[in-house]
Structures are given as C-alpha cells and as structure tokens.
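Counting in the numbering used here, the sequence shown runs from 96 upward without gaps.
All residues carry an ideal CB built from backbone N, CA and C; glycine is no exception.
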Amino acid sequence: MSCKQIILLILTTVWLLAQGTHPVSGRKIAPVMGVGGADWLVRPERELEENPDLALKLLDIPKGAVVADLGAGVGYYSLKIARIVGSGGKVYATDIQPEMLRLLRKRAEKEGVRNVETVLGGASATNLPDNSIDIILLVDVYHEFSEPQKMLASIAAAMKDNGRLVLLEFREEDPRVPIRPEHKMSQATVTRELEAEGYEMEKSIPGLPWQHILVFRKRR
96 MSCKQIILLI LTTVWLLAQG THPVSGRKIA PVMGVGGADW LVRPERELEE
146 NPDLALKLLD IPKGAVVADL GAGVGYYSLK IARIVGSGGK VYATDIQPEM
196 LRLLRKRAEK EGVRNVETVL GGASATNLPD NSIDIILLVD VYHEFSEPQK
246 MLASIAAAMK DNGRLVLLEF REEDPRVPIR PEHKMSQATV TRELEAEGYE
296 MEKSIPGLPW QHILVFRKRR
C-alpha cells in the first residue's frame with residue numbers, strides 16, 4: 096500500500112468515526128456542512144426544491160414570537176423569520192461555525208434586519224437562555240447532530256413549557272428526493288429518537304416538495 100493510499104485510508108476512517116451512529120435508532124450521523132458550502136445554502140433552486148416561504152406559512156409563526164434557528168448557517172431562514180416576527184419578536188440564529196455567523200451578520204446588516212442575535216453553539220449545547228424560546232427550528236440540521244441526546248436535552252431547557260420544536264428533514268421515505276441517504280430521515284426514525292428523549296409529536300405537516308415538517312413538544 097502506497098503512502099498516499101494509507102493517508103486516504105486514515106482520513107476516511109477518521110471521517111467515518113466522526114460520524115458515529117445514533118444509540119437509539121442505529122442510523123449513521125451525517126457530517127456537518129462546512130462554510131465552504133455556504134453558497135449552496137442560498138442557491139436560487141432552493142426556492143423551488145424546498146419552498147421555504149410555504150414552510151414558514153404552514154408553521155403559522157405569530158408576530159412577537161421568540162424563535163431560535165439552530166444550525167442557521169448564513170441565515171437563509173433566520174432573516175425570513177425575523178421579518179415574520181417583526182420588531183416585537185426576536186430570532187436567535189445559532190451555528191457551531193463562527194464564519195457562518197459572520198456571513199449571517201453581514202447579510203442581516205445589508206438587508207437592514209435588526210432583530211436577529213447570533214449565538215455560537217456547541218456540539219452538545221445550544222447556548223441559548225433557559226426557558227426563553229417559543230419555537231426552535233431545525234432545518235436539515237438534526238441528522239447532523241454529533242451528540243443528539245445532549246443537544247435535545249439542551250433544546251428542551253431553552254424551550255418555554257409550551258414551546259415547539261420543529262424539524263424539517265428531507266424525506267427518506269421518498270426515493271424521488273435527490274439527496275444523499277445520510278442526509279435524509281424518515282418520520283418514524285425522528286419520532287423514535289425524540290420520544291426517547293422526552294418529546295412527543297404534536298403533528299406532521301404535509302405540503303413541501305422534498306421535506307417533512309415535524310412538530311414536537313416536551314412531554315408533560
């Protein structure tokens with residue numbers, strides 16, 4: 096085996112180990128998209144493929160709400176939500192990559208959006224204030240959590256008692272959705288994993304081209 100092949104093998108092994116598997120469902124945890132993929136997050140095709148405006152309409156987010164966009168990237172959803180909740184509301188935009196947050200702040204400044212606060216999150220903690228959030232939104236993010244159980248506990252701590260946790264995930268059940276398998280999730284798998292951590296499903300909202308909208312609350 097050549098030196099190049101050995102290095103490739105080591106890198107591949109590290110990547111796979113970094114992914115890990117979920118202890119409840121056994122699914123492979125997907126790698127996190129780096130800042131090099133920032134342009135993909137704001138691609139024009141996203142409007143057609145995901146219809147984010149419809150997704151937010153279906154969620155019926157009220158004016159004045161406090162919303163957290165976890166794994167916000169460059170703020171594709173955060174800035175839309177900020178306009179919905181208005182000046183009386185607030186959006187916490189979190190990400191584990193400082194450069195993503197820098198780009199987000201730059202976009203918010205350019206577009207004159209002032210009710211977004213960026214938060215540097217961690218692999219196991221949201222770093223959000225306790226009992227403060229009405230809606231926590233995870234758009235194609237949950238499947239990348241490297242420590243999903245700890246993150247779900249941290250999310251629960253940040254949610255108000257009547258708060259909602261909303262997951263948008265590419266539908267694993269639909270073979271027509273052209274996304275890599277490790278970046279897709281079934282409703283059954285999501286429900287199984289979240290119920291094990293003290294959540295209960297409130298509803299599943301149909302209507303998006305490629306994604307589930309799954310709404311959970313803390314179990315009472």
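Check                                                                                                                                                                     : Outcome
Specify whether the segment 188–203 and the segment 160–174 touch according to this definition: at least 3 beta carbon pairs, one from each stretch, less than 8 Å apart. : yes
Nearest CA to the CA of residue 300: which residue from 239, 155, 135, 199?                                                                                               : 155
Can you list, in chain order, the stretches of the alpha helix (DSSP H) that have 4 or more residues and sit fully within the segment 240–273?                            : 243–253
Inspect the beta-carbon positions of residue 289 and residue 261 and report whether they are closer than 9 Å.                                                             : no
Return the first residue and the last residue of the alpha helix (DSSP H) that residue 204 is part of.                                                                    : 193–206
Whose CA, out of 292, 131, 250, 277, lies closest to the CA of residue 221?                                                                                               : 250
Using 10 angstroms around the beta-carbon of residue 314, count the other beta-carbons present and answer buried if the total reaches 16, otherwise exposed.              : exposed
Among 275, 186, 121, whose alpha-carbon lies nearest the alpha-carbon of residue 157?                                                                                     : 186
Roughly how many angstroms separate the alpha carbons of residue 294 and residue 165, rounded to a whole number?                                                          : 17 Å
Once DSSP output is grouped into helix, strand and coil, what is the label at residue 185?                                                                                : strand
Once you ignore the five residues that flank residue 142 on each side, which residues in its own chain have a CB closer than 6 Å to its CB?                               : none
Are there three or more Cβ pairs, one per stretch, closer than 8 Å when the segment 114–121 is compared with the segment 175–183?                                         : no
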